[in-house]
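Just below is one structure, and these are the notes that go with it.
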Amino acid sequence: MSAVREDILENDRKEAPLTILDYDTVDLDEKNHALVIIDQTKLPNRIEILSLTSQEEIWDAIYLLKVRGAPAIGVSAAIGIYLAARSIRADDFDDFYQQYKKASDYLNSSRPTAVNLSWALKRMEGVVLDHRDSTPPEIVEILRKEALKIRQEDIEVCRSIGRYGLSLVKPGDGLLTHCNAGQLATVKYGTATAPMYLGHEQGYGFKIYCDETRPLLQGARLTSFELKSAGMDVTVLCDNMSASLMREGKIDAIFVGCDRVAANGDTANKIGTSMVALAAKRYGVPFYVCAPTSTIDLGTETGAGIVIEQRKPAEVTHMWYKEPMVADGIKVYNPAFDVTDADLITGIVTEYGIAYPPYDRSFREIFLKKEIREKVEAIVDQLETE
Ligand code: MRU
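With the sequence shown counted from 1, adding 85 to any position gets you our numbering.
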């Protein structure tokens, strides 16, 4: 497996130089039994591909944001736990499961806010528990298939979010986004960027504005980089500039991603998102959250129940600067995410449609649609295997 997308033919490679979009954000190297990712801490200056085999390397990659963005973290965890399962030596199910659970809990501790991490690990664990009568090697093979299924589903989910999101905008619109909920945060298309990619394919000619997203600069380093590579019209702004753009009437809609959506629609996303939503409300700009259903956590009632990751002060004081930007000994507040109240959100775009307030009711409809679709797919699968 190469880290470059396999659907790019040798001839195409000669004609056009590779861009960041030609690389897989996250994939499984089956030959070398490795999780393959782009090291996002090095972008946009260097494209470095990492091949990770140990659980410690994978944990570090998630914690250090080498791979980041809620869906990409989920896919990495699914592949990571499959790799962990491969190296378990056990004679019976109980022994296997005990070691499996330990590895799963370890990966789950790498970051707390994005629910996709625990969602993917729970789904993988469900597969293990459903096959307690199988041998450990058989379970490992089932886990491999499930990890690849989660990866493939992510592509389809993002494309579907893109189609619904595109129905909310028109050609020539000015669109603002915060952080990176792009291809680099998913397997392909991104969530908040999916309407942009699909619209771009259809000649919409959007003007895209990317908040730089302090302190780790995901908007400046990643979103603008990937959208520019796709050929879009992109402008970067500091986080304190979006209100003035909205006041000038340059922004027609805002699309952001999310790390966890509570049952009432309160949404955790990259720090600074709630500030954008507040300004959008003031200036009458529609504010959309793009959320795969895997990011909607019906088990968390409101935003108050979402654990917000606190990160190291050095990200604010030292990173990106030749010299420290804050004098020694000064306290630093560095939450990685904030919660945007549901009443500031115009709509939540999922792969099953757009949820509008009141979210408890619209989420019920969305999940019902999902359940029906899954049941139909299971029946079709069953018929095909008979
Ligand atoms: O800390 P990060 O870079 O992982 O934060 C990412 C975000 O906040 C994204 O907006 C979110 O995960 C959605 S990605 C489709």
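From the three backbone atoms N, C-alpha and C, an ideal C-beta is built for every residue, glycine too.
Check: Can you give the Cα-Cα distance for Gly384 and Pro377, rounded to whole angstroms?
Finding: 16 Å
Item checked: C-alpha distance - Pro222 paired with Thr262, whole-angstrom precision -> 44 Å
Checklist line | For Gly259, the residue or residues it bridges with in DSSP | finding: Lys292
Margin query: Please tell me whether, using a cut-off of 8 Å, the distance from the CB of Asp344 to the nearest non-hydrogen atom of ligand 1 is below it.
Written below: yes
Next item on the list: Flag this pair as yes or no: are the beta carbons of Ala155 and Leu269 separated by less than 9 Å?
Entry: no
Next item on the list: For the beta strand (DSSP E) holding Met368, just list the boundary residues, first then last.
Entry: It is worth fixing the name first, because residue 368 is Tyr in this sequence and not Met. Note, Tyr368: premise wrong, no beta strand (DSSP E); alpha helix (DSSP H) at Thr358 to Tyr368.
Margin query: Does the stretch 186-193 come into contact with the stretch 335-347, if we say contact requires no fewer than three beta-carbon pairs (one atom in each stretch) closer than 8 Å?
Written below: no
Item checked: Own chain partners of Ala315 with C-beta closer than 7 Å, once the 5 adjacent residues on each side are dropped -> Leu106, Tyr282 and His285
Next item on the list: Can you give me the Cβ contacts of Leu233 inside the same chain, cut-off strictly under 7 Å, excluding the 5 residues immediately before and after it?
Entry: Leu113
Notebook entry, point to check: Mind checking whether the beta-carbon of Cys264 lies closer than 8 Å to any heavy atom of ligand 1?
Noted result: yes
Checklist line | Which residues DSSP lists as bridging Gln467, in chain order | finding: DSSP output for Gln467 lists no bridge partner at all.
Next item on the list: Please confirm whether any heavy atom of ligand 1 lies closer than 8 Å to the CB of Leu106.
Entry: no
Check: Along the chain, where does the alpha helix (DSSP H) that runs through Ser252 open and close?
Finding: Segment: none, Ser252 is in no alpha helix (DSSP H) and carries neither H nor E.
Margin query: Any heavy atom of ligand 1 closer than 8 Å to the beta-carbon of Thr110?
Written below: no
Item checked: DSSP bridge partner residues for Phe422 (one or two, in chain order) -> Lys355
Margin query: Closer than 8 Å is the cut-off here; do at least three beta carbon pairs connect the stretch 353-360 with the stretch 399-410?
Written below: no
Checklist line | Meets three-Cβ-pair contact criterion under 8 Å: the stretch 286-296 and the stretch 368-382 | finding: no
Margin query: If I follow the unbroken alpha helix (DSSP H) through Ile158, where does it start and stop?
Written below: Ala155 to Arg171
Notebook entry, point to check: What residues are listed by DSSP as bridge partners for Thr278?
Noted result: In the DSSP output, where bridge partners are listed per residue, Thr278 has none listed.
Note to self: If I measure Cβ to Cβ from Met404 and keep anything under 8 Å in the same chain, skipping five residues before and after, which residues do I get?
What the structure shows: Pro300 and Leu301
Check: Is the CB of Met317 under 9 Å away from at least one CB in chain D?
Finding: Note that chain D does not occur in the displayed structure, where there is just one protein chain.
Notebook entry, point to check: So what's Cys243 in DSSP terms, helix, strand or just coil?
Noted result: helix
Margin query: Taking 6 Å as the limit between beta carbons, can you name the residues of its chain near Tyr167, skipping five residues before and five after?
Written below: Leu228, Arg229 and Ala232
Checklist line | Check: Leu429 C-beta below 8 Å from any heavy atom of ligand 1 | finding: no
Notebook entry, point to check: So, using beta-carbon positions, are Phe372 and Ile391 closer together than 9 Å?
Noted result: no
Notebook entry, point to check: Does the distance from the CB of Leu192 to the CB of Trp144 come in under 9 Å?
Noted result: yes
Note to self: Within a Cβ cutoff of 6 Å, which residues of the same chain sit near Asp318, ignoring the five residues on either side of it in sequence?
What the structure shows: Lys292
Next item on the list: Please say whether Leu206 and Ala163 have beta carbons closer to each other than 9 Å?
Entry: yes
Margin query: Taking 8 Å as the cut-off, is the C-beta of Ile339 nearer than that to any heavy atom in ligand 1?
Written below: no
Next item on the list: Please go through the same chain and pick out, in chain order, the residues whose beta-carbon is closer than 7 Å to the beta-carbon of Glu469, but skip the five residues on each side of it.
Entry: none
Check: Hey, is Lys230 close to ligand 1, as in C-beta under 8 Å from one of its heavy atoms?
Finding: no
Checklist line | Complete runs of the beta strand (DSSP E) confined to the stretch 314-356 [at least 3 residues] | finding: 318-322, 338-341, 345-347 and 352-355
Note to self: Between which two residues does the alpha helix (DSSP H) holding Ala205 run?
What the structure shows: Val200 to Asp215
Next item on the list: Work out the CA separation of Ile122 and Ile240 for me, nearest whole Å.
Entry: 16 Å
Check: Between Glu436 and Ser245, is the Cβ-Cβ spacing less than 9 Å?
Finding: yes
Check: According to the neighbour-count rule (16 or more other Cβ atoms, all chains shown, within 10 Å of its Cβ), is Asn349 buried or exposed?
Finding: buried
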